[in-house]
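Written below as structure tokens is the structure these notes are about.
Residue numbers (the working numbering): 105 to 258.
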């Protein structure tokens, strides 16, 4: 697997005490995409942290895993399934969405509902959205519905 230069920079800048952050250049690109209306924020950093904490504390028999798509990824690209939530989930600011799987989909849905994390089910797989794009929006499965396209969740 090839590692991008921006990913190497993120890792170099990470001191082990805080979570890795996107580079300044990536944050500018991301902010510009939101300002131009290409992306609608759906999940804030607090909700990402709650989700990560739950996955790290998951009962071993659940064996949660995720795969995702960065807002900077080529169309239709998605990472491979990964169970390493401590390091590999970061930087969350870039995730357009992640899909989750565990031994029990019901357990996953209970975790998401407990933290009021909006999600959808895409082709039978639970998807948590960091951002949505213009056009049709997900069929939100969280009790309050998902964020509106004009919300400022990030």
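We treat Cβ as the ideally placed atom computed from N, Cα and C, and that holds for glycine.
Specify, as a first and last residue, the run of the beta strand (DSSP E) that residue i falls within.
{"i": "residue 231", "result": "229-233"}
{"i": "residue 225", "result": "223-226"}
{"i": "residue 204", "result": "199-205"}
{"i": "residue 171", "result": "169-174"}
Give the straight-line distance between the Cα atoms of residue i and residue j, rounded to the nearest whole angstrom.
{"i": "residue 128", "j": "residue 161", "result": "31 Å"}
{"i": "residue 261", "j": "residue 171", "result": "An answer regarding residue 261 cannot be provided, because it is not within the stretch 105 to 258 covered by the chain."}
{"i": "residue 154", "j": "residue 219", "result": "7 Å"}
{"i": "residue 158", "j": "residue 179", "result": "30 Å"}
{"i": "residue 192", "j": "residue 141", "result": "28 Å"}
{"i": "residue 185", "j": "residue 245", "result": "22 Å"}
{"i": "residue 89", "j": "residue 132", "result": "Residue numbering for the chain in the displayed model covers 105 to 258; residue 89 lies beyond these limits and cannot be assessed."}
{"i": "residue 189", "j": "residue 152", "result": "11 Å"}
{"i": "residue 114", "j": "residue 242", "result": "Because the pLDDT at residue 114 is just 44, under 50, the model does not fix this residue reliably, and the value given afterwards should be weighed accordingly. Distance between the alpha carbons of residue 114 and residue 242 is about 31 Å."}
{"i": "residue 145", "j": "residue 137", "result": "10 Å"}
{"i": "residue 168", "j": "residue 238", "result": "30 Å"}
{"i": "residue 215", "j": "residue 174", "result": "23 Å"}
{"i": "residue 207", "j": "residue 187", "result": "12 Å"}
{"i": "residue 240", "j": "residue 221", "result": "20 Å"}
{"i": "residue 271", "j": "residue 139", "result": "Here the chain covers residues 105 to 258 and nothing more, so residue 271 does not appear."}
{"i": "residue 210", "j": "residue 166", "result": "11 Å"}
{"i": "residue 177", "j": "residue 130", "result": "12 Å"}
{"i": "residue 236", "j": "residue 156", "result": "20 Å"}
Specify the secondary structure class of residue i as computed by DSSP and reduced to three states.
{"i": "residue 115", "result": "Below a pLDDT of 50, predicted positions are generally treated as unreliable, and residue 115, at 40, falls in that range; the measurement from the model is reported next regardless. In this structure, residue 115 counts as helix in the three-state DSSP scheme."}
{"i": "residue 186", "result": "strand"}
{"i": "residue 134", "result": "helix"}
{"i": "residue 296", "result": "Coverage of the chain is limited to positions 105 through 258, which leaves residue 296 absent and any answer about it impossible."}
{"i": "residue 150", "result": "helix"}
{"i": "residue 158", "result": "helix"}
{"i": "residue 108", "result": "Reliability fails at residue 108, whose pLDDT of 49 lies under 50, so the model's placement of it is uncertain and the value that follows must be treated cautiously. Residue 108: coil per DSSP, three-state reduction."}
Of all the CB atoms in chain B, is at least one closer than 8 Å to the CB of residue i?
{"i": "residue 140", "result": "Absent from the structure is chain B; it holds one protein chain and no more."}
Below 8 Å, how does it come out for the region 228-246 and the region 194-202: are there three or more Cβ pairs, yes or no? yes
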